[in-house]
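*Asks:* Take the sequence shown: its letters are residues 44 to 238, numbered as in the numbering used here.
Here a beta-carbon is modelled for each residue, glycine too, at the ideal position from N, C-alpha and C.
Computed from a prediction, not measured in an experiment: that's the story for all the values here.
Please read through the structure below; I'll follow up with questions.
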Amino acid sequence: MHIHTNDTTRLRWIATHILPLEHEVRGWLAAHARSLSQSDIDDVIQEAYARIWKTGCERITEPRAYLYTTVRNLLAEQARRARVVPMERMGEIDSLRIISDEPGPERRESARQELVRLMAAVAELPPQCRQAFELRKFKELSQREIAAAMGIAEKTVEKHLAKALTRITQAMDADRTQAENASAGTTHAKRHHTD
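Next comes the structure, spelled out in structure tokens:
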């Protein structure tokens, strides 16, 4: 499958600036938009990727604020489209505040580490699993389109995507926990710490 140069640039930009924020945004939605099911959250995140892809990275100066704004707008649009909106959903949308995108040194370093973890986790995926994940996340292809592009059954695509998400989430959670433990260790015993 041929990818144009500007598509490649956009893929890289999304992988660098947006993908590392996905875990944080999912947590934020789970905490602040409790009427959303896991599947609702998946849909919102997927649609946010599609919107950001269409917008084009050259127009986005503050990726984190842009992602949060996009997610909040999507929730508001869903609420407007729905005939019956649970009252708590309206309250949740009102209470979702944009988190500052001021990138202090700690946030930049944390985002960089998150990206390294993510890329390592994606690199560890089996080849077909990785290809399906990248086509879904970055090219916004449907499962049917991925199946056609890869010459495999839709059910197989579904399995690849489920496996990819599970493995990436587990790998990133494990790495994050390890990094937090290591950083707690260095804080307590900076001079004596040897790894």
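Smallest Cα separation from ALA93: which of VAL114, ALA74, LEU79, ILE211?
*Replies:* The residue labelled residue 93 in the question sits at position 50 within the sequence shown. Comparing Cα-Cα distances from ALA93 to each of VAL114, ALA74, LEU79, ILE211, the minimum goes to VAL114.
*Asks:* For ASP85 and LEU54, what's the separation of their Cα atoms in angstroms?
*Replies:* Here residue 85 is taken as the residue at index 42 of the sequence shown, counted from 1. Here residue 54 is taken as the residue at index 11 of the sequence shown, counted from 1. Going from the Cα of ASP85 to the Cα of LEU54 covers about 20 Å.
*Asks:* With distances taken Cα to Cα, identify the nearest neighbour of GLU67 among THR104, LEU110, LYS97.
*Replies:* Here residue 67 refers to the residue found at position 24 of the sequence shown. Looking at the Cα atoms, LEU110 is the closest of the given residues.
*Asks:* Would ALA207 and PHE176 be called neighbours here (beta carbons separated by less than 8 Å)?
*Replies:* Numbered from its first residue, the sequence shown carries residue 207 at position 164. Numbered from its first residue, the sequence shown carries residue 176 at position 133. Yes.
*Asks:* For THR51, which of ALA73, CYS100, GLU65, ALA91 has the nearest alpha-carbon?
*Replies:* Here the question's residue 51 lines up with position 8 in the sequence shown. Minimum Cα distance to THR51 is reached at CYS100.
*Asks:* Hey, would you say ARG107 sits closer than 8 Å to LEU64, going by beta carbons?
*Replies:* To locate residue 107, count along the sequence shown from 1; it is residue 64. To locate residue 64, count along the sequence shown from 1; it is residue 21. Yes.
*Asks:* Among the candidates GLN121, ASP83, SER78, ALA164, whose CA atom is the shortest distance from the CA of THR212?
*Replies:* Within the sequence shown, the letter at position 169 stands for residue 212. The option with the nearest alpha carbon to THR212 is ALA164.
*Asks:* Compute the beta-carbon to beta-carbon distance between ARG179 and LEU204, rounded to the nearest angstrom, for a pair I have assumed lies under 8 Å.
*Replies:* By one-based count along the sequence shown, residue 179 stands at place 136. By one-based count along the sequence shown, residue 204 stands at place 161. 6 Å between Cβ atoms; contact.
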